[in-house]
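Colleague: The structure follows.
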Amino acid sequence: MNTSFSLNRIAWLTKKEFYESFLPFFRIMGIVLAGILVLTSVVAYFENGKIGTVSLEGFFAVFGFIYIVNSFEELKKLPTRADYLNLPATAFEKVFTKWMFGNILFWIGSIILFYLFYMSHQLIVEVFMNKPTNTYSLFTRENLQGLHFIIIVFSVFFFGAAMFNTGSWYKVILWTIVSALAYMLVVALFAYILFPEFRDGIHGVDVDYNVPIDLILEDFWMFKLGKFFLQYLAAPFFWYMTYLKIKEKEV
1 MNTSFSLNRI AWLTKKEFYE SFLPFFRIMG IVLAGILVLT SVVAYFENGK IGTVSLEGFF
61 AVFGFIYIVN SFEELKKLPT RADYLNLPAT AFEKVFTKWM FGNILFWIGS IILFYLFYMS
121 HQLIVEVFMN KPTNTYSLFT RENLQGLHFI IIVFSVFFFG AAMFNTGSWY KVILWTIVSA
181 LAYMLVVALF AYILFPEFRD GIHGVDVDYN VPIDLILEDF WMFKLGKFFL QYLAAPFFWY
241 MTYLKIKEKE V
């Protein structure tokens, strides 16, 4: 097989992913969202005054999590695992297609569903019930920051879906907790060694209590490095690790 990047293979994988995973998943999302629309419309019918906007950020975050942890659903069972790993495409093309659906197309589809819900809700409440509603802007700074945070978190579970054939979500959570505790232990150890403020009363060390320890920690290079990694490098790192894991499983 030609190992160079092929748009034809990407198109084939995209079509396969769309009809086998993406479309059925969004049908379920649409059904659940329609149920929420009916429920909120009934509530709005009995409310007086201006009708508030329904917040759906949590809804899409939960469904996004479910979609991500099942990104490599083919790996859960031995027959489908063998079929998927032996597909006539490179590991990069397979991971790229999964990444594209989980990190781009899912959110584009979610935006479309949101505005369909929002316009339907406004039509029902304002036109048929003749009640005023609040306007809502989806692209606020808070929502974009939240999306950035979600993409970082989901990158870890994307890697977990490729690494663990079953039970990826809780295994990733346990792995994250252990890693966070280990990181905190290392930071605490370095802080204890480098800053006397953390050794007050131990080995005859006396410190000035007016020293802002929280500011010292904030400027500590390990904290800065960890923050920089989480904000800018974590997602690309775990995406790359996902590629390496799928490539390893193909061997």
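Under my numbering, the first residue of the sequence shown is numbered 1, with each subsequent residue one higher. Just so it is clear, CB atoms sit at the ideal spot from N, CA and C, and this is done for glycine as well.
Tell me the residue span of the alpha helix (DSSP H) that contains LEU85.
Modeller: 78-85
Colleague: Relative to the C-alpha of SER6, which candidate in PHE164, VAL172, GLN231, ALA89 has its C-alpha closest?
Modeller: ALA89
Colleague: Tell me whether GLY35 is buried or exposed, calling it buried when 16 or more other Cβ atoms sit within 10 Å of its Cβ.
Modeller: exposed
Colleague: Would DSSP call THR133 helix, strand or coil?
Modeller: strand
Colleague: Between THR133 and VAL127, which are expected to be in contact by the criterion C-beta below 8 Å, what is the C-beta distance as a whole number of angstroms?
Modeller: In fact, because the Cβ distance is near 11 Å, the residues do not count as touching under 8 Å.
Colleague: Applying the 10 Å Cβ sphere with the 16-neighbour rule, what's the burial state of ILE246?
Modeller: buried
Colleague: Below 8 Å on the Cβ atoms is my contact criterion, and I expect ASN165 with ARG81 to pass it. Report the Cβ-Cβ distance as a whole number of Å.
Modeller: Their Cβ separation, rounded to whole angstroms, is 7 Å, which keeps ASN165 and ARG81 in contact under 8 Å.
Colleague: Roughly how many whole angstroms lie between the Cα atoms of PRO236 and LEU105?
Modeller: 18 Å
Colleague: Report, in whole angstroms, the separation of the C-beta atoms of PHE260 and PHE159, which I expect to be a contact under 8 Å.
Modeller: Limits of the chain in this structure are 1 at one end and 251 at the other, which puts residue 260 out of reach.
Colleague: Do you know how far the Cα of PHE114 is from the Cα of LEU147?
Modeller: 15 Å
Colleague: Could you give the distance in angstroms between the alpha-carbon of GLU142 and the alpha-carbon of VAL251?
Modeller: 43 Å
Colleague: Which of the three DSSP states, helix, strand or coil, is assigned to GLU47?
Modeller: coil
Colleague: With distances taken Cα to Cα, identify the nearest neighbour of ALA61 among LEU185, SER41, PHE154, VAL32.
Modeller: PHE154
Colleague: Which stretch, first to last residue, makes up the alpha helix (DSSP H) that contains ILE10?
Modeller: 7-17
Colleague: Leaving out five residues on either side along the sequence, give the residues of the same chain with a beta carbon under 7 Å from the beta carbon of VAL156.
Modeller: VAL172, THR176, PHE238
Colleague: Return the Cβ separation of LEU230 and ILE152 in integer angstroms, given the expectation that the two are a contact with Cβ distance under 8 Å.
Modeller: 7 Å
Colleague: Quick one, which of PRO24, GLU20, TYR45, SER4 has its alpha-carbon nearest LYS131's?
Modeller: Of PRO24, GLU20, TYR45, SER4, the residue nearest in Cα terms is TYR45.
Colleague: Is ASN165 helix, strand or coil when you go by DSSP?
Modeller: coil
Colleague: Check VAL186 in the structure and name its three-state DSSP category.
Modeller: helix
Colleague: Cutting at 7 Å between CB atoms, please list the residues of its own chain near MET29, excluding the five before and the five after it.
Modeller: PHE63, LEU113
Colleague: For GLY204, which of helix, strand or coil comes out of DSSP?
Modeller: Its pLDDT being 44, under 50, GLY204 is placed unreliably by the model, and nothing is read from it.
Colleague: Assuming contact is defined by CB atoms lying nearer than 9 Å, are PHE117 and LEU181 in contact in what I supplied?
Modeller: no
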